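Chains as they are written, first to last, in UniProt numbering: chain A, 1 to 333; chain B, 1 to 305; chain C, 1 to 251. By construction, the Cβ of each residue, glycine as well, lies at the ideal position given by its N, Cα and C atoms. Predicted, not measured: the structure shown is a model, and the values here were computed from it. Accompanying notes for the structure given below.
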Amino acid sequence: MTDMTDATRVTAAATRPALSGRVKAALTLFVLFALMPPLASALNDPFYVLIGTRILAYAIAALALDLILGFGAMVSFGHAAYLGLGTYAVAILSGFGINDLLVQILAATAMSAVFAAVTGAISLRTRGVYFIMITLAFGQMAFFFFISLSAYGGDDGVALASRSTLLGMEVLKTDFGLYYTTLVMLIGLFFLCHRITKSRFGRVLTGIRENPTRMEAIGFAPFRYQLTAFVISGCITAMAGVVLANQAQFVSPAFMSWHKSGELIVMVVLGGPGTLAGPIAGAVAALLLEEWLGALSEHWKLFFGLFLVLMVLFSPNGITGLLKKLGFGEKQK
Amino acid sequence: MTNLFVLQLLNGVQLGVLLFLISAGLTLVFGIMDVINLAHGVLYMVGAYLIATFAAATGSFWWGLLLTLPAAVVVGLVIEAVVMRRLYARSHLDQVLATFGLVMMANEAVKMIWGTSPLSVPMPEILSGSVPLMGPLKYPVYRIAIIVAGLAVALGLFVMVNYTRVGMLLRAGASNRDTVSALGVDINRLFAIVFTLGATLACLAGALVAPILSVDTGMGESVLILTFVVVVIGGIGSIKGAFLGALLVAVVDTVGGVFGPILLRSVLDPSAAGQAGRVLAPMLVYILMAVILFARPAGLFGKTA
Amino acid sequence: MTALTVTDLCKHYGALKVTDHVSLDIAPGEIHAIIGPNGAGKTTLIAQLSGQLGSDSGRVALDGKDITHLSMPERVRLGLARSFQITSVLPGFTALENVALAVQARQGSSFRFFGTVAAERALNAAAMEALHEAGLDHRAQIPARSLSHGEHRRLELAIALATKPRVLLLDEPLAGVGGEDAETFVENLRRLKGRLTMVLIEHDMDAVFALADRVSVLVYGRIIATGAPDAIRSDPEVRAAYLGEEEQEIA
Numbered sequence: 001m002t003d004m005t006d007a008t009r010v011t012a013a014a015t016r017p018a019l020s021g022r023v024k025a026a027l028t029l030f031v032l033f034a035l036m037p038p039l040a041s042a043l044n045d046p047f048y049v050l051i052g053t054r055i056l057a058y059a060i061a062a063l064a065l066d067l068i069l070g071f072g073a074m075v076s077f078g079h080a081a082y083l084g085l086g087t088y089a090v091a092i093l094s095g096f097g098i099n100d101l102l103v104q105i106l107a108a109t110a111m112s113a114v115f116a117a118v119t120g121a122i123s124l125r126t127r128g129v130y131f132i133m134i135t136l137a138f139g140q141m142a143f144f145f146f147i148s149l150s151a152y153g154g155d156d157g158v159a160l161a162s163r164s165t166l167l168g169m170e171v172l173k174t175d176f177g178l179y180y181t182t183l184v185m186l187i188g189l190f191f192l193c194h195r196i197t198k199s200r201f202g203r204v205l206t207g208i209r210e211n212p213t214r215m216e217a218i219g220f221a222p223f224r225y226q227l228t229a230f231v232i233s234g235c236i237t238a239m240a241g242v243v244l245a246n247q248a249q250f251v252s253p254a255f256m257s258w259h260k261s262g263e264l265i266v267m268v269v270l271g272g273p274g275t276l277a278g279p280i281a282g283a284v285a286a287l288l289l290e291e292w293l294g295a296l297s298e299h300w301k302l303f304f305g306l307f308l309v310l311m312v313l314f315s316p317n318g319i320t321g322l323l324k325k326l327g328f329g330e331k332q333k
Numbered sequence: 001m002t003n004l005f006v007l008q009l010l011n012g013v014q015l016g017v018l019l020f021l022i023s024a025g026l027t028l029v030f031g032i033m034d035v036i037n038l039a040h041g042v043l044y045m046v047g048a049y050l051i052a053t054f055a056a057a058t059g060s061f062w063w064g065l066l067l068t069l070p071a072a073v074v075v076g077l078v079i080e081a082v083v084m085r086r087l088y089a090r091s092h093l094d095q096v097l098a099t100f101g102l103v104m105m106a107n108e109a110v111k112m113i114w115g116t117s118p119l120s121v122p123m124p125e126i127l128s129g130s131v132p133l134m135g136p137l138k139y140p141v142y143r144i145a146i147i148v149a150g151l152a153v154a155l156g157l158f159v160m161v162n163y164t165r166v167g168m169l170l171r172a173g174a175s176n177r178d179t180v181s182a183l184g185v186d187i188n189r190l191f192a193i194v195f196t197l198g199a200t201l202a203c204l205a206g207a208l209v210a211p212i213l214s215v216d217t218g219m220g221e222s223v224l225i226l227t228f229v230v231v232v233i234g235g236i237g238s239i240k241g242a243f244l245g246a247l248l249v250a251v252v253d254t255v256g257g258v259f260g261p262i263l264l265r266s267v268l269d270p271s272a273a274g275q276a277g278r279v280l281a282p283m284l285v286y287i288l289m290a291v292i293l294f295a296r297p298a299g300l301f302g303k304t305a
Numbered sequence: 001m002t003a004l005t006v007t008d009l010c011k012h013y014g015a016l017k018v019t020d021h022v023s024l025d026i027a028p029g030e031i032h033a034i035i036g037p038n039g040a041g042k043t044t045l046i047a048q049l050s051g052q053l054g055s056d057s058g059r060v061a062l063d064g065k066d067i068t069h070l071s072m073p074e075r076v077r078l079g080l081a082r083s084f085q086i087t088s089v090l091p092g093f094t095a096l097e098n099v100a101l102a103v104q105a106r107q108g109s110s111f112r113f114f115g116t117v118a119a120e121r122a123l124n125a126a127a128m129e130a131l132h133e134a135g136l137d138h139r140a141q142i143p144a145r146s147l148s149h150g151e152h153r154r155l156e157l158a159i160a161l162a163t164k165p166r167v168l169l170l171d172e173p174l175a176g177v178g179g180e181d182a183e184t185f186v187e188n189l190r191r192l193k194g195r196l197t198m199v200l201i202e203h204d205m206d207a208v209f210a211l212a213d214r215v216s217v218l219v220y221g222r223i224i225a226t227g228a229p230d231a232i233r234s235d236p237e238v239r240a241a242y243l244g245e246e247e248q249e250i251a
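Pasting the structure below:
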């Protein structure tokens with residue numbers, strides 16, 4: 001028996017290093033994010049702070065998508081719907097004179113939880129190509145729903161009179177305030193997701209990704225765990241939507257177009273699925289690439305598309321394979 | 001009321017026939033190659049732009065159509081050889097990314113070549129005007145022509161799938177991919193044929209619809225998603241499923257969009273019914289999809305996994 | 001009282017009867033081997049017993065409780081576990097993590113989102129015990145994808161044991177394992193004898209006759225004989241249908 005307890009001790013030590021590479025990478029990113037605004041004002045270009053906020057918001061969404069795509073092998077092509085639900089939560093509540101960020105987040109999360117639970121329960125009855133297409137179709141359903149909501153501008157969307165308050169304080173009024181609030185949210189949500197992936201639940205989720213039949217053979221019914229992860233992911237994505245509404249001070253169905261869902265997948269894959277820190281970097285890379293190409297040519301989408309096609313075609317095992325080879329595809333255990 | 005219903009029903013059938021042309025290729029590509037192709041809607045758009053160009057150059061819709069078809073085959077072959085062929089063995093995620101990239105490229109390229117303002121294609125003289133249907137009800141000849149042409153292609157596909165060697169391979173491939181390789185068939189050639197056939201049908205749909213729509217860059221997008229719904233409802237790999245799914249989706253979308261609010265008015269007060277109808281109508285096909293999938297996760301004619 | 005009762009179980013694909021009115025009574029603590037030529041439907045039978053595959057007709061009962069319509073996870077939680085003929089583990093997980101997950105399935109909730117699961121001593125200790133029983137404790141920290149074939153077979157066994165089954169379905173646990181390795185593996189299985197009931201599908205006749213209390217012979221989906229190993233060995237019908245054929249193949 002002694003050899004066994006020794007081994008147990010070894011296990012505990014081996015799996016509890018001071019800081020895993022993933023957390024270190026994330027902390028590095030967070031420090032860089034924190035330094036960006038002062039740098040931008042030093043360069044006399046405060047507009048970057050607003051772009052930065054947009055990047056941080058998409059980083060939150062990419063993080064959320066990674067939770068199911070990277071850790072659960074669920075390729076959701078409808079995640080923009082949750083971004084949209086988040087933005088519309090802000091617009092709808094402001095119609096009732098409610099402008100507090102916490103209430104908005106609460107409402108956005110609740111709406112998303114319901115939508116994710118219903119559409120996820122149906123989508124998760126299927127696999128592979130079906131799952132991708134069905135999540136895409138449900139995303140479009142939400143898109144058309146908000147297009148036909150004439151009370152909120154329909155297709156054209158609606159402008160927001162002011163930014164949200166935080167517990168009644170006007171913290172978000174300045175671009176700096178909004179930026180740092182978003183950064184705090186991102187950091188908090190990163191650690192939340194990180195904890196989840198390391199937890200009992202996370203291990204089950206990853207196990208289902210690796211081999212669902214085996215998981216059933218030891219007594220796990222995959223559906224309930226996948227659905228729970230799907231709902232959590234949807235709720236976190238909606239929080240990104242709340243930020244985006246404040247950043248743009250404008251809400252429209254454009255936030256939930258299927259192109260946005262595609263872009264979220266691009267961010268996750270660029271950064272490396274199943275790494276959490278990777279998709280945050282992926283969001284930065286994808287959006288900066290967009291900005292850069294956009295500055296070069298009005299036809300930047302042509303080049304962005306070309307970039308995607310070439311990335312997939314000229315890495316022998318696809319982007320995912322390339323990243324794994326480069327050591328970015330660190331797999332959760 | 002009856003007249004309106006008949007009119008909407010015919011519109012639904014006309015849309016359904018077009019959706020079938022697009023879905024038929026897509027469902028085969030999914031079923032046989034297990035490849036998800038987001039760029040399928042792009043082909044529909046390209047078909048419309050091709051006929052707009054050729055019809056303008058030749059001054060004739062018919063010459064335009066005649067030139068569009070071989071051009072569509074070339075487009076299909078090129079996309080298959082350059083991009084799709086390398087994706088067959090890849091993960092679905094890679095396929096999503098690459099074909100998403102294709103969509104971005106194609107939309108932008110179309111804007112660069114043809115500009116952003118919508119194009120129009122003149123209706124052929126012989127098919128313009130309307131014919132009386134019943135009583136005072138008239139229906140445009142061109143839409144009837146679309147229905148007839150679509151049904152003819154559907155019949156041709158049906159014959160091909162059921163009575164030819166390629167069709168036999170397609171059916172075998174859709175139900176079991178390994179069987180086809182075991183038969184010693186050159187799988188790459190079969191895939192190229194299937195993809196090009198699907199691409200040509202999608203282009204044809206775009207070309208046929210061009211005279212009654214404005215040809216613009218967004219047209220592939222909405223159709224793509226509807227096509228996905230059709231394929232999912234019908235069952236991946238099933239031509240029969242695609243046909244029934246396409247008609248079902250199109251009729252529900254067209255008829256439901258008009259009659260949903262009318263039905264609602266009988267239970268709600270008019271303004272509430274109008275509001276609810278406007279919101280519900282565009283969601284109907286998705287609700288239909290959800291209901292069908294809830295009962296049959298593999299679609300109406302899909303093999304259960 | 002029998003541990004596992006199979007009554008008139010059937011499964012057919014079209015006209016092909018893969019499982020043809022199979023009935024078995026497995027006694028508690030028994031090791032019951034099922035042998036038969038390739039294509040006899042042994043793996044299909046295991047799939048039906050474990051709930052991976054539905055049955056067309058017939059009944060399966062665990063300790064007298066009807067489980068015919070339960071799913072695989074539900075059967076596992078009632079104490080009916082299985083191993084796979086073709087190794088089916090979580091390749092990215094270490095051996096220990098593979099087994100700890102099986103322990104987790106029966107201990108406490110898996111809807112815990114915060115505590116670090118890798119640091120849960122109770123899980124790891126129970127997992128180490130199962131690894132020890134399967135003779136793999138020295139390889140606990142190795143990712144499953146880096147284990148050898150023989151080690152994979154042991155991991156299969158450890159995972160199944162970790163679910164604390166009362167009845168264990170072993171689908172060719174020794175497939176591809178040879179020589180000395182096979183002997184120690186058989187020894188590992190023998191030590192489990194009496195503690196749990198086992199249904200063993202195996203091609204290695206030495207292992208079958210060393211371990212089994214009773215043997216059933218499955219040919220074309222039908223049980224053609226059930227009895228003590230010696231009786232089966234000398235049964236002329238069995239020899240004609242199976243054992244003889246095997247010897248000819250070897251010769």
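For ALA57 of chain A, is the classification buried or exposed, using 16 other Cβ atoms within 10 angstroms of its Cβ as the cut-off for buried?
buried
Give the interface partners of ILE92 of chain A over in chain B, defined as CB-CB distance under 8 Å, in chain order.
Under the 8 Å cutoff, chain B gives no residues; its nearest Cβ is about 14 Å from ILE92 of chain A.
Where the alpha helix (DSSP H) containing TYR88 of chain A begins and where it ends
80-95
Of all the residues that make up the stretch 69-96 of chain C, which are near chain A by a beta-carbon distance shorter than 9 Å?
SER71, MET72, PRO73, GLU74, ARG75, VAL76, ARG77, ALA81, ARG82, SER83, PHE84, SER88, VAL89, LEU90, PRO91, GLY92, PHE93, THR94, LEU96
So which residues on chain A does VAL117 of chain C lean against when the C-beta distance must stay under 8 Å?
LYS198, SER199, ARG200, GLY202, ARG203
Report yes if the CB atom of MET124 of chain A is closer than 8 Å to the CB atom of GLN226 of chain A, and no otherwise.
Per the sequence shown, residue 124 of chain A should be read as Leu rather than Met. Against a cut-off of 8 Å, the Cβ pair of GLN226 of chain A and LEU124 of chain A comes out as a contact.
What does GLY262 of chain A reach in chain B if we use C-beta pairs closer than 7 Å?
PHE100
When you compare only the Cα positions, how much space is there between MET128 of chain C and ASN98 of chain C?
11 Å
Can you give the Cα-Cα distance for PHE138 of chain A and VAL249 of chain B, rounded to whole angstroms?
15 Å
With DSSP as the reference, label ALA81 of chain C as helix, strand or coil.
strand
Under a three-way DSSP split, which group does MET1 of chain A fall into?
Residue confidence for MET1 of chain A is low, a pLDDT of 37 falling below 50, so the modelled location carries little weight and cannot support an answer.
What is the DSSP secondary structure of LEU244 of chain B, reduced to helix, strand or coil?
helix
Whose Cβ in chain C lies nearer than 7 Å to the Cβ of ILE218 of chain A?
VAL76, LEU101, ALA102, ALA105, ILE159, THR163
DSSP-derived helix/strand/coil call for PRO253 of chain A
helix
Is the beta carbon of PRO73 of chain C sitting closer than 8 Å to the one on ALA221 of chain A?
yes
Verify the CB distance criterion: does THR213 of chain A have a CB-CB separation below 8 Å to chain C?
yes
Using the Cβ count rule (16 or more neighbours within 10 Å means buried), how would you classify SER130 of chain B?
exposed
Where GLY128 of chain A meets chain B, residues with beta-carbon distance less than 7 Å
HIS92
Compare the C-beta of ALA221 of chain A against all C-beta atoms of chain F and say whether one is closer than 8 Å.
The structure shown contains no chain F; its protein chains are A, B and C.
What I want to know is whether the C-beta of GLY120 of chain A ends up closer than 7 Å to one or more non-hydrogen atoms of the ligand FAD.
Among the components modelled here there is no ligand, and therefore nothing to report on the ligand FAD.
For the beta strand (DSSP E) containing ILE34 of chain C, list its first residue and its last residue.
31-35
Does any residue of chain B have a CB that is nearer than 8 Å to the CB of ILE132 of chain A?
yes
Would you kindly check if the distance between the Cβ of ALA108 of chain A and the Cβ of PHE241 of chain A is under 8 Å?
For the sequence presented, residue 241 of chain A should be read as Gly rather than Phe. Yes, Cβ-Cβ distance for GLY241 of chain A and ALA108 of chain A is below 8 Å.
Verify whether the separation of the beta carbon atoms of VAL35 of chain B and LEU69 of chain B is less than 8 Å.
no
Can you look up VAL251 of chain B in the DSSP assignment and give me helix, strand or coil?
helix
Show which residues of chain B have a CB atom less than 7 Å away from the CB atom of VAL75 of chain A.
HIS92, LEU93, VAL96
Is the CB of ARG112 of chain C under 8 Å away from at least one CB in chain A?
yes
My guess is that SER238 of chain B and GLY150 of chain B are in contact by the Cβ rule of under 8 Å, so how many angstroms apart are they, rounded?
SER238 of chain B to GLY150 of chain B, Cβ: 18 Å. No contact.
At a Cβ threshold of 8 Å, is GLY120 of chain A touching chain C?
no
Name, in chain order, the residues that DSSP records as bridge partners for MET198 of chain C.
C:ILE31, C:LEU168
For HIS40 of chain B, the first and last residue of its enclosing alpha helix (DSSP H):
40-58
SER120 of chain B by DSSP, collapsed to three states: which one?
coil
Assuming SER112 of chain A and TYR82 of chain A form a contact by the criterion Cβ under 8 Å, report the distance between their Cβ atoms to the nearest whole angstrom.
5 Å
Counting pairs of Cβ atoms below 8 Å between the stretch 254-270 of chain B and the stretch 35-47 of chain B, do you hit three or more?
no
Name the chain A residues whose beta carbon is nearer than 8 Å to that of SER50 of chain C?
ALA217
Local Cβ density within 10 Å of HIS12 of chain C, reported as buried at 16 or more and exposed below that
exposed
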